[in-house]
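Each remark here refers to the structure printed beneath this line.
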Amino acid sequence: MGLFNFILQVVAVLICSYSFVSFAVHGYKIGSNDIPSTLDGPFAPHTAPFDVSLRGNAVDLPDTDPRVRRRVKGFQPEQISVSLSTTYDSVWISWITGEFQISNHDKNITPLDPKSVASVVRYGTSRNPLNHEAKGYSLVYNQLYPFEGLQNYTSGIIHHARLTGLKPDKLYYYRCGDLSIGALSGVYSFKTMPVSSPNSYPKRIAVMGDLGLTYNTSTTINHVISNDPQLALLVGDVTYANLYLTNGTGSDCYSCVYPDSPIHETYQPRWDYWGRFMQPLVSKVPLMVVEGNHEIEKQVENQTFVAYSSRFAFPAKESGSSSTFYYSFNAGGIHFVMLGAYIAYHKSSDQYKWLERDLANVDRSITPWLVAVWHPPWYSSYNAHYREAECMMVAMEELLYSYAVDIVFNGHVHAYERSNRVYNYTLDPCGPVHIVVGDGGNREKMAVVHADEPGNCPDPTTTPDQHIGGFCAFNFHDWPSSRSVLLGQTA
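Last residue of the sequence shown: 491 in the numbering used here, with the numbers rising by one and none dropped.
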């Protein structure tokens, strides 16, 4: 940490207990008397007490809500979003044309033909003319449940196009669609990332987790929009479509209510509802996503993460990854590493080998700040998912520590919590700060019980629902959860 010339302060701003993490760069020299080390304090978190009454607003928006209804006709683009490539000079634009289709399990659906609609984005530094053009690719995916009484889903046409040759920290305008059939979007805009350097950062980054699509989610997103971030991170658990049957019936506890279902069903239209709801934010602010357990969505032939991998654009290839589950990118002087907790992460896995290469190639004189993101936390004092990701921690923590990762962001636990600098359950001035931001507003509600409360420490051999992300039983060494209450939150 002492190698860095500038300190990046992480401030958690909680409005109605929903987390919005703002990165603000201050030109203080590390080691100056103005900045105490994390281990010494003083500790003054920017936070607010949790109002338990707000848990009641964690009710999903109905499909009749205008914010989730389809508002375009024919093949006009909808669910428009922006995501980053590895550096400032390119971004991805994604959108959907055509309507999804639902059919009974024994009926064949004829998917829309991706070749019937061009994947084109016109863009430029002024609204008119948009004098650059990018051509992308398109796809359609299926979510199939071949059991009596269940329903199959086929998506609309999903488009992804990469814009290149962009200048840093510059406002660009764009519109997407197929002019030849009169199916164009309106004009939107986004701002590119600053050039990578130790003195150049996005002015504000929103970090969210476990969003879902509830009335609380709308509070979170309105709060994010009002804070005008330049980049947004979503640390997993996107739509919670897997808390629904294929007929659209939902429950807060799927396994409790539907234990005899022949397969863990999902209601895929919730993905389309979510894409429409999020468009006002993500059509102008790049959104970078990592997978959570609610995105597994297993199908009969063991296909998983199909909706997740199809709907978002990832800079996987650009960052040397062969998977949508792990990738990296730069945002000014920050290098972000996005990791997959629900695929292989052991030392001989493709993901681990990629991570070794990626970390070895980071130039800390250009990107001094190194931030890692994945879904389930390694450090959390709540009893929900307590030490659930222990095996991932055993496999990867030493590698991340050896490259001096500064900050880790997680979700999964539906709460806000910030750790001290830690490594291997020990305070360590060279370890990262772990921040849990799983309080985005989903229908499973906020976590309120801590593992150190009498009678609430979970049995580490208890395996959660295999359909939404299990973990390997492990011989845990003794380490009681420890927390101190600061202004109503834990640290």
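Each residue gets a CB set at the ideal place from its N, CA and C atoms; glycine is no exception.
Given a cut-off of 8 Å on the beta-carbon distance, is the pair residue i and residue j in contact?
i, j, result
"E99", "G182", "no"
"L130", "Y174", "yes"
"G333", "M193", "no"
"T125", "L171", "yes"
"P286", "V82", "yes"
"G177", "Q279", "no"
"A451", "Y382", "yes"
"H375", "V290", "yes"
"V195", "P168", "yes"
"I343", "V371", "no"
"G209", "V437", "yes"
"L399", "E356", "yes"
Run the CB neighbour count on residue i, radius 10 Å, all protein chains shown included, and call it buried at 16 or more, exposed below.
i, result
"P36", "Its pLDDT being 45, under 50, P36 is placed unreliably by the model, and nothing is read from it."
"T154", "buried"
"K317", "exposed"
"N442", "buried"
"A134", "buried"
"K73", "exposed"
"G186", "exposed"
"T86", "buried"
"S53", "exposed"
"H294", "buried"
"S94", "buried"
"H346", "exposed"
"V418", "According to the sequence as given, residue 418 is Arg; it is not Val. Flag for R418 reads buried."
"K107", "exposed"
"R162", "buried"
"D363", "exposed"
"N410", "buried"
"R387", "buried"
"E297", "buried"
"L213", "buried"
"T512", "With the chain covering only 1 through 491, there is no way to say anything about residue 512."
"K191", "buried"
"A360", "exposed"
Grab me the residues of residue i's own chain with a C-beta within less than 6 Å of its C-beta, minus the 5 sequence neighbours each way, in chain order.
i, result
"R270", "T239 and A241"
"S103", "I109 and N152"
"F329", "L84, T86, P315 and F336"
"V282", "S81"
"I96", "E78, Q79, G156 and I158"
"Q143", "Y153 and Q268"
"D65", "none"
"N128", "none"
"G455", "none"
Please look up how many angstroms separate the CB atoms of residue i and residue j, rounded, as I've assumed it's under 8 Å.
i, j, result
"H160", "Y137", "6 Å"
"Y425", "D439", "24 Å between Cβ atoms; not a contact."
"S319", "D358", "7 Å"
"V373", "M338", "5 Å"
"A307", "Q351", "At roughly 21 Å, the Cβ-Cβ gap does not stay under 8 Å, so A307 and Q351 are not in contact."
"P262", "F147", "5 Å"
"R69", "L61", "Not confirmed; about 10 Å, so no contact."
"S189", "K284", "6 Å"
"L243", "G250", "5 Å"
Go through its chain and collect everything with a Cβ distance to residue i's Cβ below 8 Å, but skip five positions before and after it.
i, result
"K445", "R55, A58, D252 and H414"
"C430", "M1, Y401, A404, R421 and Y423"
"R71", "E78 and R276"
"G149", "H105"
"G340", "V290, E291, S323, F325, Y326, Q351 and W374"
Sorted by chain position, which residues of the same chain lie with C-beta nearer than 7 Å to residue i's C-beta, five sequence neighbours on each side aside?
i, result
"L112", "G98, V140, G156 and I157"
"S321", "Y327 and W354"
Does the beta-carbon of residue i, which I'm using as the reference point, lie nearer than 7 Å to any heavy atom of the ligand COA?
i, result
"M392", "The model depicted lacks the ligand COA and carries no ligand whatsoever."
(request) Would you list, in sequence order, the uninterrupted beta strand (DSSP E) runs of no fewer than 3 residues that lie entirely inside the region 58 to 139? (result) 78 to 84, 91 to 97, 101 to 104, 120 to 124, 132 to 135 and 137 to 139
(request) Note down, one range per segment and in chain order, each beta strand (DSSP E) of at least 3 residues found wholly within the region 393 to 433. (result) 407 to 410 and 416 to 423
(request) Just list the alpha helix (DSSP H) runs in the region 313 to 380, keeping only unbroken ones of 4 residues or longer that don't cross its boundaries, in chain order. (result) 350 to 360
(request) Scan the region 210 to 252 and note each continuous alpha helix (DSSP H) run of 4 residues or more that stays entirely inside, going in chain order. (result) 215 to 226
(message) So within the region 141 to 195, which uninterrupted alpha helix (DSSP H) runs reach at least 4 residues, ignoring any that extend past its ends?
(response) none
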